[in-house]
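Protein chains: 2
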Amino acid sequence: MHYLKREHSVYSFSKNHKPELHIKSGEKVVFQTYDCFTNQIQSEEDLVTSIDFSKVNPATGPVYIEEAQPGDILKVEIHDVKVRDWGVISTLPEIGVLIHRAETKTKIVEVENSLTVHFNDEISFDAAPMIGVIGCAPADEDVPCGLPGNHGGNIDNHVITKGSTVYLPVNVEGALFGLGDIHASMGDGEIGGTGVEISGEVETTISTIKGESIPRPLVETDDSWYTVASSDNTDRAIQIACEDMQDLLVKKWNLSPTDAYLLMSVAGDVQMCQCCKPSPIDVIARFRMPKIKNMPRLI
Amino acid sequence: MHYLKREHSVYSFSKNHKPELHIKSGEKVVFQTYDCFTNQIQSEEDLVTSIDFSKVNPATGPVYIEEAQPGDILKVEIHDVKVRDWGVISTLPEIGVLIHRAETKTKIVEVENSLTVHFNDEISFDAAPMIGVIGCAPADEDVPCGLPGNHGGNIDNHVITKGSTVYLPVNVEGALFGLGDIHASMGDGEIGGTGVEISGEVETTISTIKGESIPRPLVETDDSWYTVASSDNTDRAIQIACEDMQDLLVKKWNLSPTDAYLLMSVAGDVQMCQCCKPSPIDVIARFRMPKIKNMPRLI
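First to last, the protein sequences are chains A and B.
Numbering follows the working numbering, with no gaps: position 170 of the first sequence is 177.
Numbering follows the working numbering, with no gaps: position 177 of the second sequence is 184.
Structure representation (structure tokens):
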């Protein structure tokens, strides 16, 4: 079991970063993480307008996986996501679906035992700890951790949580994997641009899959498969996620492209990871296909 | 208990339609419905390209509710949605997220006891009968039943099902309510433009709420509230659904607009009803706010 402290973190996914940890495929790693503001916000007086925005969305890592080669798939099993006892919610200036009807505000909320978020004296709801940033280094240019992409990154997908498995394309030798940006809770769409931003700890097993490739992240839960895609255009993000699922159903379930499409229309779901427009950040959509009895795995 | 046969149906929501049934607020009505093709497709040889497209999405009705006046809310409790034992799935030419990768095809599927859809010999999944078209006559121009709008109409929202309650704005005297276009199952987004299209029967209680208004449909389930909005632009449909929910949380939960926005970002979900682009039909989005213990109802 490896333990990687949060001081070992980066603000971009890059083939040029020096690994902070070397592991073999199949080993367990616990990642300690900062919150998305690198813990710069400590009270409701600290506004996002007053922090250093070059220090957002740190990913703990990168981790070099010895067997990982370009074209492989990195398999990351999430065994647990634990969070500290308070988190930060904030509006972001000029970003978000309702920013035209909101003020700049920081709100600190109590998070009880990683189980309950106390929004105020009256409103409490179940926590649902999840990982916002997760990815491998891209083959080409560095990508800031605040952005999503085919390599993963800031995909803000709330199904990436305890019990789920994330599959990522390996683009460079060793994969150079990292994760961070935990939320104690985040709504689908993350309409304001923040969830309950919080530091914590993520327990994983990381391994490589040879002989198979994927173009973009894929997530598996107990009952479903999810393709994930991002684009500046919402409709296009949805379309890419659908195309990826169609490709998988044609390949693994032996359906014609038309039958895969018909099945997806009646039994699968378009869902939003983040659609926080207006924003300079791409929209991230996912397509959910429920697991169906006796049908093969998609990966 | 009233029973309205499917021969009493219309292809538009219109203030000019003659009521097919008069009821008092609080009475039960069972609606028998055609499928969205007015049952024109009877085999896999019947393609959508060969049917009369002026006869799509019929709504059984309209029903005149004696107490309903413009500015009221119509409350429609859905007690049951039963479907026949087979349904139709189809691609639609030039419409849908993956139409560039699919052929024109009609597929007939067996639906067992309103419980299970048999897609083919290998693939079966749970049915989830739902109502695609539901609405009241608009105040102004007629709206074809195939289109969504503030009056309701073809909002293709799969949470409108057994056990849910739909709230609609009353725009004309008597409301002139109708419903149809049942699906044995439909994925969120309905990416191909059809669910498992099927005829059936819907059992409802219809009543009026005085002294309160809503701009667009609202849906209540056991655990959640949903605003529903449509627009030609996906981001704008999402934004309107969010604005409506923000307004409700400000009014009913006594939150500031900013706090409502923060709460929605961390605890509510943007979801898609239909995002079947490219298409001449508007995108329909919904925003889900979970019910929170001890907090007031939103309507």
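Ideal Cβ placement from N, Cα and C applies to all residues, glycine included.
No experiment lies behind these values; they were computed from the predicted model shown.
Membership of B/V257 in the alpha helix (DSSP H) is indicated by the continuous run T241 to K259. In the structure shown, B/M271 adopts helical secondary structure according to DSSP, grouped into three states.
Buried is the label assigned to A/N178, since at least 16 other Cβ atoms lie within 10 Å of its Cβ. Between A/I162 and A/V95, the C-beta gap is not smaller than 8 angstroms, which leaves the two residues out of contact.
Between the segment 72 to 80 of chain A and the segment 23 to 38 of chain A, the count of Cβ pairs shorter than 8 angstroms is three or higher; the stretches touch. Judged by DSSP in its simplified three-state form, B/D276 adopts strand.
Between B/P264 and chain A, the shortest Cβ-Cβ separation is below 8 angstroms. At least one CB atom of chain A sits nearer than 8 angstroms to the CB of B/N301. Between the C-alpha atoms of A/H125 and A/K112 there is a straight-line separation of about 17 angstroms. Here B/W232 has M296 and L305 as same chain residues with Cβ atoms under 6 angstroms from its own Cβ, once five neighbours each way along the sequence are excluded. Contact between the segment 219 to 234 of chain A and the segment 13 to 29 of chain B is absent, with fewer than three C-beta pairs closer than 8 angstroms. When DSSP states are grouped into helix, strand and coil, B/D266 belongs to the helix group. By a beta-carbon distance limit of 8 angstroms, A/M279 does not contact A/G199. Their separation comes to about 14 angstroms.
Neighbours of A/T98 in chain B, taken as residues at a C-beta separation under 9 angstroms, are given in chain order as T265, Y268, L269 and S272.
Partner residues in the beta bridge of A/H29, as assigned by DSSP, are A/Y71. Excluding the 5 residues flanking it on each side, B/V257 has same chain C-beta neighbours closer than 6 angstroms at P264 and A267, in chain order. Proximity to B/S171 across B/D59, B/L186, B/I85 and B/G159 peaks at B/I85, based on C-alpha coordinates. Annotation: B/V83 has no Cβ neighbours in chain A at a cutoff of 7 angstroms; minimum Cβ distance is about 24 angstroms. At a cut-off of 8 angstroms between C-beta atoms, A/Q76 does not count as an interface residue with respect to chain B.
Under the rule that a run must span 3 or more residues, the beta strand (DSSP E) segments found entirely inside the segment 47 to 112 of chain A read 66 to 72, 80 to 90 and 93 to 97. The continuous stretches of beta strand (DSSP E) do not include A/K298, and DSSP gives it neither H nor E.
Beta bridge pairing from DSSP links B/S206 with no other residue.
B/E250 reaches chain A at L105 and R108, counting residues in chain order whose Cβ is nearer than 8 angstroms.
At a cut-off of 8 angstroms, the C-beta of A/D87 has no neighbouring C-beta in chain B. The residue from A/D230, A/E52, A/T212 and A/N23 with its alpha-carbon nearest to that of A/I115 is A/E52.
One alpha carbon belongs to B/E101, the other to A/S131, and they sit about 46 angstroms apart.
Listed along chain A is no residue with a C-beta nearer than 7 angstroms to that of B/I30; the closest approach is about 33 angstroms.
One thing to note: B/Y41 has its Cβ within 8 angstroms of the Cβ of B/S206.
Annotation: the continuous beta strand (DSSP E) that includes A/V173 extends over T172 to P176. Taking 8 angstroms as the threshold, the shortest C-beta distance from B/V235 to chain A does not fall below it. Nearest to A/I299 by C-alpha distance, out of A/M252, A/D289, A/V55 and A/D230, is A/D230. Using beta-carbon distances, B/P297 counts as an interface residue toward chain A, with a partner under 8 angstroms.
Taking C-beta atoms under 8 angstroms as the contact rule, A/A292 and A/A244 qualify, at a distance of about 4 angstroms.
A/L122 and A/A134 have their alpha carbons spaced roughly 5 angstroms apart. Contact annotation: in the segment 114 to 132 of chain B, residues whose CB is within less than 9 angstroms of a CB in chain A are K114, V116, V124, F126, N127, E129, I130, S131 and F132. Here B/Q76 has V177 and E180 as same chain residues with Cβ atoms under 7 angstroms from its own Cβ, once five neighbours each way along the sequence are excluded.
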